[in-house]
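K.L.:
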Amino acid sequence: MDGTWQAIIAAAPGFNLGLRCSADEILGIDYLPPGPEQAPRLPLAREAVRQLRAWLKDPGFEFSLPLAPAGTPFQRRVWAQINAIPLGQTRSYGQIAAQLNSGPRAVGGACGANPYPPVVPCHRVLAANGGLGGFANARGGFLLDVKRWLLRHEGCLPDAPG
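The opening residue of the sequence shown carries number 4 in my numbering; numbering runs sequentially from there.
(1) Are residue 149 and residue 64 closer than 7 Å when you measure CB to CB?
(2) Got a sec, what are the start and stop residues for the beta strand (DSSP E) residue 33 sits in?
(3) Given a threshold of 16 other Cβ atoms within 10 Å of its Cβ, counted over all protein chains shown, does residue 40 qualify as buried or as exposed?
(4) Using DSSP's beta-bridge definition, name the partner residues of residue 24.
(5) Quick one: grab the DSSP three-state call for residue 160.
(6) Among 11, 47, 24, 33, which residue has its Cα nearest to the Cα of residue 124?
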């Protein structure tokens, strides 16, 4: 991806969401440190911002965005398993790995490569001990704070352990 943001929105205390898209497909959504917003430049970006804001108000909101094909066949299988986790629930990396006859680290790698959070809610995947594990290929910093916020927002955990 070329890194050109089509929109940046203030999502919640402590983070923004950056959106990349073409005229026809969402190319990526990233969690960013807080900063100034950038108004959407394309019609699809405006619609994506509308849907992201709706989800931020109501975690039960269901996205209907055209996502660009991405990932390896294995990553797509992991993302399908993640998409099947019901709102308000979590799974461990090991549980998903067992469903796919894989290993937890491979599942973690696929989670970290997810280009569409929160549309593909990889924040619902936790370590075996119920801890946060990693998030977006990070083991600390503001991204784990984002994961805690997302889990609380969706009612997965009242107080996400570290």
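We put the beta carbon where it would ideally sit given N, CA and C, even for glycine.
P.N.:
In short:
(1) no
(2) 29-35
(3) exposed
(4) 29
(5) coil
(6) 33
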